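Engineer: Here it is, the structure in full.
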Amino acid sequence: MSDYDVVALGNALVDKEFQVSEAFLKEQGIEKGVMTLIDRHTQLALLENLYQHCDLRNRAGGGSAVNSMVTAAQFGSKVFCCCKVGDDELGHFYQQDLAAAGVDNRLEEQATKGDTGRCVVMITPDTERTMCTFLGVTTDFSVDELHEQPVQKAQYLYIEGHLVYSDTAVEAILKAKRLARDANVKIALTFSDPAVVKYARDNLEKVIGDDGVDLLFCNKDEVLDYAGNQDLDTGIKKLREIANLIVVTHGKHGARIYNGSEDYLPVAPYKVKAVDATGAGDTFAGAFLHGITQGMSLSRAGDLASRAASECVASFGPRLSSTLQQDILSEFN
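Here it is, written out as structure tokens:
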């Protein structure tokens with residue numbers, strides 16, 4: 015019997031969210047709609063500009079995989095996160111945040127000197143999010159942060175694509191994959207962001223390896239980037255070579271689940287008034303992982319994920335409240 019439904023590897027980041035204009039992004043020379051890695055000095059200068067000209071909407075624990083695990087945990091899954099924070103105020107805040115969400119971890123065993131990672135999230139009027147991230151100590155995520163026993167006793171190992179920018183993180187991922195394969199633990203991967211596919215392709219291919227993954231999460235843009243900007247069908251054909259099960263999100267149009275055949279299972283969207291797309295993909299992945307590890311069919315898990323992601327888009331911040339998630343779950347029960 016598994017000790018955990020999902021064990022995740024991911025960046026630990028504290029998010030600060032601002033509402034900005036398209037003009038602000040252009041003035042700052044920031045590429046819209048992707049995640050860009052920046053250094054500490056550059057991020058502090060950006061924050062100074064944001065505090066002067068834009069509205070801070072939220073501060074919360076973040077990181078793609080961690081957001082997904084919070085979603086799964088609040089639905090009732092047993093989850094564990096391997097991540098890294100600094101021995102600073104934000105690091106202590108992050109530990110408390112995970113504990114409150116019911117996400118197991120061993121951050122209290124770490125005493126890493128340095129800055130906890132921070133992600134500046136800028137939301138334009140069209141609800142699209144643009145991120146500028148200073149990774150801090152998480153840039154050195156390594157095998158030292160990999161906890162082997164939880165990985166070996168999970169249903170799924172879940173890997174965040176953002177980690178592949180770091181060579182030491184790639185080493186940790188490859189070790190985690192070997193542990194998972196030897197223990198018959200299934201492996202899930204999220205591309206996380208189009209920039210990962212564009213700018214970290216070599217390391218991404220190393221992580222995928224010859225054995226691929228059991229489950230892949232991505233969005234339409236990431237599929238096209240992976241296929242060299244060819245059509246979606248060509249992209250899916252390429253992805254079938256590396257994943258047994260593929261979940262492609264299509265924003266307001268829902269999602270598609272590809273499961274070993276030429277056809278796909280459509281996942282209908284839930285219509286809401288969109289205000290902030292931050293974390294929607296992470297919420298979708300976390301809800302879907304919860305569903306399939308609790309015995310739901312692919313269609314049912316996809317429907318739950320679509321419902322949860324829509325509520326995420328309808329509010330500010332990358333996560334839903336536990337109360338709202340229980341309300342959603344009661345609808346499905």
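The C-terminal residue of the sequence shown carries number 347 in the numbering used here, and the numbering is unbroken. Backbone N, C-alpha and C define an ideal beta-carbon position, used for all residues, glycine too. Every value quoted in this text rests on a predicted model; they were computed, and no experiment measured them.
1) Run through DSSP, which three-state label would V227 get?
2) For K191, report the span of its alpha helix (DSSP H) as first-last.
3) For the alpha helix (DSSP H) containing Y65, list its first residue and its last residue.
4) Which stretch, first to last residue, makes up the alpha helix (DSSP H) that contains I222?
5) Using the three-state DSSP reduction, which class does G300 fall into: helix, strand or coil?
6) Using the three-state DSSP reduction, which class does M83 fall into: helix, strand or coil?
7) What's the C-alpha gap between E142 and S78?
8) Relative to the alpha-carbon of V34, which residue among Y65, L27, V48 and V21 has its alpha-carbon at the smallest distance?
9) Just confirm the distance between the C-beta atoms of H189 and Q169, as a whole number of angstroms; I'd bet it's less than 8 Å.
10) Just reading off the beta strand (DSSP E) that E31 is part of, what are its end residues?
11) Per DSSP, what kind of secondary structure is G75 in: helix, strand or coil?
12) Taking the straight line between their C-alpha atoms, what separation do you get for R54 and Q88?
13) Does the distance from the C-beta atom of R270 to that of L259 stay below 8 Å?
14) With DSSP as the reference, identify every bridge partner of V199, one or two as the case may be.
15) The alpha helix (DSSP H) that contains D102, what's its start and end?
16) Confirm, please, whether the CB-CB distance from G128 to V151 is below 8 Å.
17) Tell me which residue opens and which closes the beta strand (DSSP E) that I250 is part of.
18) Can you have a look at N198 and say buried or exposed, based on whether 16 or more other CB atoms are within 10 angstroms of its CB?
19) Can you check DSSP and say which residues form a bridge with C2?
20) Just curious, the beta strand (DSSP E) that E174 is in, first and last residue?
21) Compute the Euclidean distance between the alpha carbons of V165 and E41, then round it to the nearest angstrom.
22) For the beta strand (DSSP E) that I44 lies in, which residues bound it at each end?
23) Could you check which residue in N347, Q340 and S335 has the C-alpha nearest to that of A114?
24) Let me know if E159 comes out buried or exposed under the rule of 16 or more other beta-carbons within 10 Å of its beta-carbon.
25) In terms of residues, what are the limits of the alpha helix (DSSP H) holding A322?
26) Can you tell me whether DSSP reads V157 as helix, strand or coil?
27) Considering only residues of the same chain and omitting the five flanking positions on each side of A294, which have a CB-CB separation below 7 Å?
28) Can the beta-carbon of N25 be found less than 8 Å from the beta-carbon of C97?
29) Alpha carbon to alpha carbon, how far is L253 from D277?
30) What three-state label does DSSP hand V21 in the structure shown?
Structural biologist: Inspection of the coordinates gives the following:
1) strand
2) D181 to D196
3) R54 to H67
4) R215 to I222
5) helix
6) helix
7) 16 Å
8) Y65
9) Note that residue 189 is Lys in the sequence shown here, rather than His. At roughly 19 Å, the Cβ-Cβ gap does not stay under 8 Å, so K189 and Q169 are not in contact.
10) L27 to Q33
11) strand
12) 32 Å
13) no
14) In DSSP, V199 forms no bridge with anything.
15) Careful: D102 lies outside any alpha helix (DSSP H) and carries neither H nor E.
16) yes
17) Per DSSP, I250 belongs to no beta strand (DSSP E); it is in the alpha helix (DSSP H), L246 to R254.
18) exposed
19) In the structure as shown, the chain starts at 15 and stops at 347, and residue 2 therefore has no counterpart that could be examined.
20) A168 to E174
21) 44 Å
22) Neither: I44 is in no beta strand (DSSP E) and is coded neither H nor E.
23) S335
24) buried
25) L312 to V327
26) helix
27) A323, C326 and V327
28) yes
29) 14 Å
30) strand
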